[in-house]
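Visitor:
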Amino acid sequence: MRFLLASLLTLTVLTAWAQKGILVTNLRCENQANPLGIDVAQPRLGWQISSSARKSPIREIEQQSYQILVASTPEKLAANEGDLWDSGVVKSEQSVFIPYGGKPLESRRACYWKVNVKTMKDTEVWSEPASWTMGLLRPSDWSAKWTGLDSSFAWEKPKDVFTRVAARYFRKEADLPKKIRKATAYVSGLGVYELYLNSRKVGDAVLAPAPTDYNKRIFYNTYDVTNYLKQGRNALGMLLGNGRFYTLRWGYKELPEIAHYGFPKMRLQIEVTYEDGSTERLISDESWKVTAAGPIVANNEFDGEEYDATKELSGWETAGYNDSQWLKAQLVSVPSQVLESQPTPPIRVTETLKAQAIKEVKPDTFIVDLGQNLVGWARLHVRGPRGTKVTLRFAERVNEDGTLYLDNLRSAKVTDVYTLKGDGEEVWEPRFVYHGFRYVEITGFPGTPTVNSLEGRVVHDDLPIVGSFASSNSLLNQLYKNAFWGIRGNYRGMPTDCPQRDERMGWLGDRAIGSKGESFVFGHHDLYAKWLTDIEDAQLESGSIPDVAPAYWKMYSDNMTWPAAYIIIANMLYEQYGDDVPIRKHYPSMKKWLTHMRTKYMKDYIMTKDTYGDWCMPPESPELIHSQDPKRKTDGTFLGTAFYYNMLTIMEQFAEITGNSADKREFAELAGHVKKAFNDKFLNRDRQFYSNNTATANLFALAYGLAPEELRSGVFEQLVERTTVEHKGHISTGLVGAQWLMRTLSDNGRPDLAYRIATNTDYPSWGYMIQNGATTIWELWNGNTANPAMNSGNHVMLLGDLIIWMYENLAGIKAEEPGFKRIIMKPTITGDLTSVTSSFESFHGRIGSEWERKGGKFNWKVTVPGNTRATLYIPATDQKAVREGRSQASLAPGVRFVKMEGGNAVFEVTSGAYNFRVK
Ligand code: RAM
21 MRFLLASLLT LTVLTAWAQK GILVTNLRCE NQANPLGIDV AQPRLGWQIS SSARKSPIRE
81 IEQQSYQILV ASTPEKLAAN EGDLWDSGVV KSEQSVFIPY GGKPLESRRA CYWKVNVKTM
141 KDTEVWSEPA SWTMGLLRPS DWSAKWTGLD SSFAWEKPKD VFTRVAARYF RKEADLPKKI
201 RKATAYVSGL GVYELYLNSR KVGDAVLAPA PTDYNKRIFY NTYDVTNYLK QGRNALGMLL
261 GNGRFYTLRW GYKELPEIAH YGFPKMRLQI EVTYEDGSTE RLISDESWKV TAAGPIVANN
321 EFDGEEYDAT KELSGWETAG YNDSQWLKAQ LVSVPSQVLE SQPTPPIRVT ETLKAQAIKE
381 VKPDTFIVDL GQNLVGWARL HVRGPRGTKV TLRFAERVNE DGTLYLDNLR SAKVTDVYTL
441 KGDGEEVWEP RFVYHGFRYV EITGFPGTPT VNSLEGRVVH DDLPIVGSFA SSNSLLNQLY
501 KNAFWGIRGN YRGMPTDCPQ RDERMGWLGD RAIGSKGESF VFGHHDLYAK WLTDIEDAQL
561 ESGSIPDVAP AYWKMYSDNM TWPAAYIIIA NMLYEQYGDD VPIRKHYPSM KKWLTHMRTK
621 YMKDYIMTKD TYGDWCMPPE SPELIHSQDP KRKTDGTFLG TAFYYNMLTI MEQFAEITGN
681 SADKREFAEL AGHVKKAFND KFLNRDRQFY SNNTATANLF ALAYGLAPEE LRSGVFEQLV
741 ERTTVEHKGH ISTGLVGAQW LMRTLSDNGR PDLAYRIATN TDYPSWGYMI QNGATTIWEL
801 WNGNTANPAM NSGNHVMLLG DLIIWMYENL AGIKAEEPGF KRIIMKPTIT GDLTSVTSSF
861 ESFHGRIGSE WERKGGKFNW KVTVPGNTRA TLYIPATDQK AVREGRSQAS LAPGVRFVKM
921 EGGNAVFEVT SGAYNFRVK
C-alpha cells in the first residue's frame, strides 16, 4: 500500500515536471517516523533534488534558492498561500535541517507544506506536497488520566527474583453518537503496550513506546484511528506488559540492581471530530476496568512470556463483553511528568524467517535451526488437545550433541510457554519479550513438529536500510551480512550491547565509533539523537556520566572511554547527517562532564581514570575472557588521557559551532598541556613508540593527533611491526583500539595490512568467527572457546571501524562536509580485491560507487546526488588516460580536473551519474 502510494506520487510528480527534468522529493520533517506527533516547536525541514531522467540524469543540479510554504489546509497550499509560513525566496544552498520560521504552531495543528527550488539551471521546481501534524505540546492538553492498578494479583510472583508479572488488560466501552470525520489516539503504556479498538490492534508497532529513564521522561505515540472507530458503541482495550518499567529482576545479587518503576500503567486520549464539526474525547481514567487474569500469565524480557490460551478473554476488546469479574482501575501516578512524543521510529516485526531444519535430539526435544542468529521471537503453529503445554527455549548455539547451549545466557531463562486451547490450528507469537537466538528448542509439542511448526520473527527499531555493500571478496560480503544482523538486532529503542543474556543494556562504549559505521547501514539519526538524551538524563548533578544509559543499571564508574560516546556520537550526527542541534543541545552537559573528570581525576594533565582498558582484546589462552598478560594490555591511564585529549579537540569544534569562543581557547590551551604531558609520560622518543608499544597505544597516538609530526612515521612503523611480526598480520586490539585500526592503517599507507586483517580466517579475526559458524559478531575474539560467563554471540562492539572502512575506504564514500554536502570519493584498491559495489542514501540523496579493475583497466560508476559535489580520486598516471562516457574526463560535462596526487587524477564533479574508465 505504502509502495503503491509512493509510486503514484512519484508518477504524478514525474508527469508534472518531466519537461523540466528536475525533481524535488523525499520531503523530510523533524521526527519523520512519527509525522502525526511532532512536538518540537520549530520542526526542521529538508528535501532532495534529483533529475527525473533515470538513464542519463541531468548533471550540475545545484540549489540557488528555495522558498518554503507551510499552509493550514491543503487547499491553501495548492493556491500557494503559505498562511503559516512563507519563507520568501531564500538564497541558500541548504536543503536539509531548515528550521520552521512561521507562526507559532499549537498542539494538533496540521501543517501542509511544499518547497520551490531554483537551481543554477535557472529552473524553478515545486516539490510535491507533504504534511505533518503537531502533537500534544502542553501538559494541559491531556485530560486523560494515568490509569493502572498498583498491586499484584494472587497468581503473580512480582517479587520473585525472576519477576513473574502477568499482562494487564484494561477495557472500557463508549458511545460515539454521530458520524466520525476524524479520530486521533495519543497513547502511552508502561513498560510496553498494545492498543485495541473494536478488537483490532492499532498500528503495527510492537514493544511500544521506546524505553527511557521513566524518572526523567516518558514517550507517547500518536495514531490516526479514524478507521478503527464507528458511530455507535465502541470498545477500547489496552494491554500492558512490563518492558523495562517493572524490574526484570528482584533482589538478584549477581547483577547490579535493575531499575524498578512500579506496576504497569497507561494513559490514552482519543480525540474524535464528528462530521458536523463537534468534538469528543475518550480518555483513560478510573471508569476503566482491569484484570490480570488473561492468557499472558507472565512476561519478562529476560525470561520469556507464558501464554495460556485456555484463559483467553474472548471478546474483551469488543463491545458487549461481560467484564463484571474485572476490577475497577485506579488513578495512579508516574515517576515523571515529562511526556513527549516518541522521537524514534517504532519497533516492528520486519522479517519472518523459515526454519531451515528440525532435529529430535532427545525424546520429546526438538531443535529448530533458523539458519541465522536473529533477534525477535518465534511464531508457533500447533494443533492438539486443550491444556497441552508447548515450551520454547532459545539459544545462539547448540552443544555437540545437538542440544541447546544455554551456558552463555547467565540467568536469563529465555522460555516461552504456550498452553493450547484445543480448537484446531493455533498460531501464537508472544508480544512482550524478545530473544537473541538461532536455535529454538521445542518440548511438549503434541505430535511431531516440522519445519513448518515454527518461524523466526525479526524484531527491532524499524530504521530505513540506507546502505549496501558488495565486493569481489565473499568473506567481506559475509562479514557485512553478519554486521547487518548484529546491528539491527541490537536496536531496541536504544542501542544495546546484546540481545540474549540477562543484560541487554545501553552500554555506551560499545556503540561509540561503531555508531558511525552503523550510519552507513541504517538511517539511525533519530535513534542516536534520542540516545544522547538518554545519556543526558543519566548524568548526575556532579557531572558524572554512567557507562550505561538509560541508567537501568547505575554504573557510575567515572570512566573516560565509555562516556566519551556522548561526545563522539554528537559529532557523528553532525558529520554524517549535518545536524548540529545535538551539539547545541548537549554542549553544556558535555562540558560539565569534562570539567567533572578534570577536577576530580586529572593529575598534572594526565587522566588517571579508566575502568575497562582495551576491553575484550584477544587473550593469550583460549578459555580466558580477559588477558592477564601486561604486555598485551594497554595502560588505562594512557587510554584515559588519549581520550580526554580527543574530547578536547572535538569540543574545540563544538565551541566554534556554538559560538563559545572563550571555551574554544580554553579547550585548546588545555589540550596543549594534555598533549605535552601525554608525550612526556608515554612516548619513548628513542624507539618511537608509546607506552608498552601495544598496537592500541600507537594507534591512538596517531589517530588522535598526539604523536609529534616528526615521529609519526616511526610510530606507524611500530604499529605495523607489532601487527605483522608479533601478531602475524592479525588484530590485537579490543573494542577500544578497534575503533581506529582499519582507517589508521589504510590512511597511513598500509591498506593492504587492513585488508589482510579484514580477510583473515584464523584466530583472532572476524573471519575466524565466520569459520566457526557465526552469523553475527561475537563479544569475544575467542567466542568459541572462552568461558561462557561473558560470551555473547551477538555484540557489535568488536566491529570497531570495520564498516566505516568498508564504505569510506573500500567503496570510497566519505563525507567531506557535514551531511555529505561535499563528498570525497577515494576508493582503496588493495589486495586481491577486484570490485566493490556500494551505495549510501544520504540526507541529500543516493551516493553510488561501483568500481572494477580488470586486466589493467579500471572502471568506476559514480552517482552524486543533486545539490552536492564530490572530489574523486581516480587511479591513473595521467589525467588524459581517464575517460568519462564518450569523452576525455576533463572535458565531460560536470567534471573538472583538479590535480594529480599520489598516483591519482583528482576531479571535482557535480551531481549526476558518471561512468569513468582508465586504461
Ligand atoms: C559487558 C557488556 C558490554 C561492555 C561492558 C563493559 O558486560 O556486555 O559489552 O560494554 O561489559
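Be aware that the sequence shown starts at 21, since it is given in our numbering, and climbs by one per residue. Note that beta-carbon positions come from the ideal geometry of N, C-alpha and C, so glycine has one too.
Thinking C-beta only, is residue 234 closer than 8 Å to residue 265?
Guide: Counting from one through the sequence shown, the residue named residue 265 turns up at place 245. Counting from one through the sequence shown, the residue named residue 234 turns up at place 214. Yes, the pair counts as a contact, with Cβ atoms nearer than the cut-off.
Visitor: Just mark residue 766 as buried or exposed, buried being the case when its beta carbon has 16 or more other beta carbons within 10 Å.
Guide: For the purposes of this step, residue 766 is taken as the residue at position 746 of the sequence shown. Classification of residue 766: buried, given that the 10 Å Cβ count is 16 or more.
Visitor: For residue 21, which residues of its own chain have a beta-carbon under 7 Å away from its beta-carbon, when the five flanking residues on both sides are left out?
Guide: As a working note, residue 21 is residue 1 in the sequence shown. Residue placement at residue 21 cannot be trusted, given a pLDDT of 43 that sits under 50; what the coordinates show is reported in the next sentence. Taken in chain order, the list of residues that qualify is empty.
Visitor: Report yes if the C-beta of residue 517 is less than 7 Å from at least one heavy atom of the ligand RAM; otherwise report no.
Guide: Looking up residue 517 in the sequence shown gives position 497. Result yes, Cβ under 7 Å from the ligand RAM.
Visitor: Do residue 514 and the ligand RAM come close, with the Cβ less than 7 Å from some heavy atom?
Guide: Working through the sequence shown from its first residue, we reach residue 514 at position 494. No.
Visitor: Indicate, with yes or no, if the ligand RAM has a heavy atom lying under 7 Å from the CB of residue 14.
Guide: Here the chain covers residues 21 to 939 and nothing more, so residue 14 does not appear.
Visitor: Using 10 angstroms around the beta-carbon of residue 867, count the other beta-carbons present and answer buried if the total reaches 16, otherwise exposed.
Guide: As a working mapping, residue 867 is identified with position 847 in the sequence shown. That one is buried.
Visitor: Around the Cβ of residue 617, are there at least 16 other Cβ atoms within 10 angstroms (buried) or fewer (exposed)?
Guide: Residue numbering aside, residue 617 sits at position 597 when the sequence shown is read from its first letter. It counts as buried.
Visitor: Nearest to residue 438 by CA position, among 171, 703, 328, 737, is which residue?
Guide: As a working note, residue 438 is residue 418 in the sequence shown. Nearest C-alpha to residue 438: 328.
Visitor: Return the CA-CA distance between residue 638 and residue 750, expressed in angstroms with no decimal places.
Guide: Reading the sequence shown from its first residue, position 618 is the one you call residue 638. Reading the sequence shown from its first residue, position 730 is the one you call residue 750. Rounded to the nearest angstrom, the two C-alpha atoms are 10 Å apart.
Visitor: Please work out which residues of its chain come closer than 8 Å, Cβ to Cβ, to residue 746, disregarding the five sequence neighbours upstream and downstream, and give them in chain order.
Guide: Position 726 of the sequence shown, counted from the start, is the residue given in the question as residue 746. The answer, listed in chain order, is 752.
Visitor: Quick check: residue 798 and residue 783, are their CB atoms within less than 8 Å of each other?
Guide: Sequence index remark: in the sequence shown, residue 798 carries index 778 (1-based). Sequence index remark: in the sequence shown, residue 783 carries index 763 (1-based). For residue 798 and residue 783, no; Cβs fall outside 8 Å.
Visitor: If you measure from the CB of residue 529, is any heavy atom of the ligand RAM nearer than 7 Å?
Guide: Against the sequence shown, residue 529 aligns to sequence position 509. Indeed, a heavy atom of the ligand RAM lies less than 7 Å from the Cβ.
Visitor: Going straight from the alpha carbon of residue 198 to that of residue 70, what length do you get?
Guide: Here residue 198 refers to the residue found at position 178 of the sequence shown. Here residue 70 refers to the residue found at position 50 of the sequence shown. Going by the C-alpha atoms only, they are around 47 Å apart.
Visitor: From residue 492 to residue 853, what does the alpha carbon distance come to, in whole angstroms?
Guide: To locate residue 492, count along the sequence shown from 1; it is residue 472. To locate residue 853, count along the sequence shown from 1; it is residue 833. C-alpha separation (whole angstroms): 6 Å.
Visitor: Checking 8 Å against the spacing of the C-beta atoms, do residue 360 and residue 599 come in under that value?
Guide: Translated into the one-based positions of the sequence shown, residue 360 becomes position 340. Translated into the one-based positions of the sequence shown, residue 599 becomes position 579. Their beta carbons are not under 8 Å apart, which means residue 360 does not touch residue 599 by this criterion.
Visitor: Considering just the uninterrupted stretch of the beta strand (DSSP E) at residue 525, what are its terminal residues?
Guide: Position 505 of the sequence shown, counting from 1, holds the residue named residue 525. Looking at the DSSP string, residue 525 is not in any beta strand (DSSP E), and its letter there is neither H nor E.
Visitor: Looking only at its own chain, which residues have a Cβ that is under 6 Å from the Cβ of residue 339, when we skip the five neighbours before and after it?
Guide: Numbered from 1 along the sequence shown, position 319 holds the residue referred to as residue 339. Closer than 6 Å at the Cβ level, and outside the excluded window around residue 339, lie 193, 253, 255.
Visitor: Between the Cα of residue 524 and the Cα atoms of 696, 486, 793, 454, which residue gives the shortest distance?
Guide: For this step, residue 524 is matched to residue 504 along the sequence shown. Taking only the C-alpha atoms, the option nearest residue 524 is 454.
Visitor: How should residue 485 be labelled, buried or exposed, when 16 other C-beta atoms within 10 angstroms of its C-beta is the threshold for buried?
Guide: Position 465 of the sequence shown, counting from 1, holds the residue named residue 485. When all chains shown are included, residue 485 counts as exposed.
Visitor: Name the residue from 719, 873, 864, 865 whose alpha carbon lies nearest to the alpha carbon of residue 855.
Guide: Sequence index remark: in the sequence shown, residue 855 carries index 835 (1-based). Measuring from the Cα of residue 855, the nearest candidate turns out to be 873.
Visitor: Classify residue 453 as helix, strand or coil using the three-state DSSP reduction.
Guide: Locating residue 453 in the sequence shown gives position 433, counting from the first residue. In this structure, residue 453 counts as coil in the three-state DSSP scheme.
Visitor: Could you check what DSSP says for residue 27 in three-state terms: helix, strand or coil?
Guide: Position 7 of the sequence shown, counted from the first residue, corresponds to residue 27. Low confidence applies to residue 27: its pLDDT is 47, below 50, so where it sits in the model is not reliable, and the reading given next is rough at best. Helix.
Visitor: CB residue 692 to CB residue 417, shorter than 8 Å?
Guide: As a working mapping, residue 692 is identified with position 672 in the sequence shown. As a working mapping, residue 417 is identified with position 397 in the sequence shown. Taking 8 Å as the Cβ cut-off, residue 692 and residue 417 do not qualify as a contacting pair.
Visitor: If distances are taken between C-alpha atoms only, which option among 443, 415, 410, 382 comes closest to residue 421?
Guide: To locate residue 421, count along the sequence shown from 1; it is residue 401. Comparing Cα-Cα distances from residue 421 to each of 443, 415, 410, 382, the minimum goes to 382.
Visitor: Kindly examine the ligand RAM and report whether one of its heavy atoms sits closer than 7 Å to the Cβ of residue 646.
Guide: As a position in the sequence shown, residue 646 is number 626, starting the count at 1. No, since every heavy atom of the ligand RAM falls outside the 7 Å radius drawn around the Cβ of residue 646.
Visitor: Locate the alpha helix (DSSP H) running through residue 608, then write down its first and last residues.
Guide: In the sequence shown, the residue the question calls residue 608 occupies position 588. Unbroken alpha helix (DSSP H) run through residue 608: 601–621.
Visitor: Among 705, 721, 677, which one has its Cα closest to the Cα of residue 694?
Guide: Counted from its first residue, the sequence shown places residue 694 at position 674. Of 705, 721, 677, the residue nearest in Cα terms is 721.
Visitor: Distance, Cα to Cα, residue 589 vs residue 672?
Guide: Taking the first residue of the sequence shown as 1, we reach residue 589 at position 569. Taking the first residue of the sequence shown as 1, we reach residue 672 at position 652. In a straight line, the C-alpha of residue 589 is about 15 Å away from that of residue 672.
Visitor: Taking 7 Å as the line, does the beta carbon of residue 175 fall inside it for any heavy atom of the ligand RAM?
Guide: Within the sequence shown, numbered from 1, the residue matching residue 175 stands at position 155. For the ligand RAM, not one heavy atom lies less than 7 Å from the Cβ of residue 175.
Visitor: Where does residue 23 land, buried or exposed, given buried means 16+ other C-beta within 10 angstroms?
Guide: On the sequence shown, position 3 is the one that residue 23 refers to. Model confidence at residue 23 stands at a pLDDT of 45, short of 50, so the residue's coordinates are unreliable and nothing is read from them.
Visitor: With burial defined as no fewer than 16 other Cβ atoms inside 10 Å of the residue's Cβ, what is the status of residue 109: buried or exposed?
Guide: For the purposes of this step, residue 109 is identified with residue 89 of the sequence shown, where counting begins at 1. The residue in question, residue 109, is exposed, as its Cβ has fewer than 16 Cβ neighbours within 10 Å.
Visitor: Just to confirm my understanding: we take residue 774, look at its own chain, exclude 5 residues before and 5 after, and list those with CB closer than 6 Å. What are they?
Guide: Within the sequence shown, the letter at position 754 stands for residue 774. Contacts found: 762, 765, 766.
Visitor: Following the continuous beta strand (DSSP E) through residue 891, name the residue where it begins and the one where it ends.
Guide: The residue you call residue 891 lines up with position 871 of the sequence shown. Per DSSP, residue 891 belongs to the beta strand (DSSP E) from 889–895.
Visitor: Quick check on the DSSP output: the alpha helix (DSSP H) that includes residue 502 runs from which residue to which?
Guide: Working through the sequence shown from its first residue, we reach residue 502 at position 482. Residue 502 -> alpha helix (DSSP H) spans 494–509.
Visitor: For the region 348–417, which segments carrying the beta strand (DSSP E) assignment without a break, of at least 3 residues, lie completely within its bounds, in sequence order?
Guide: Segments of the beta strand (DSSP E) lying fully in the region 348–417: 359–361, 367–374, 377–382, 385–402, 409–415.
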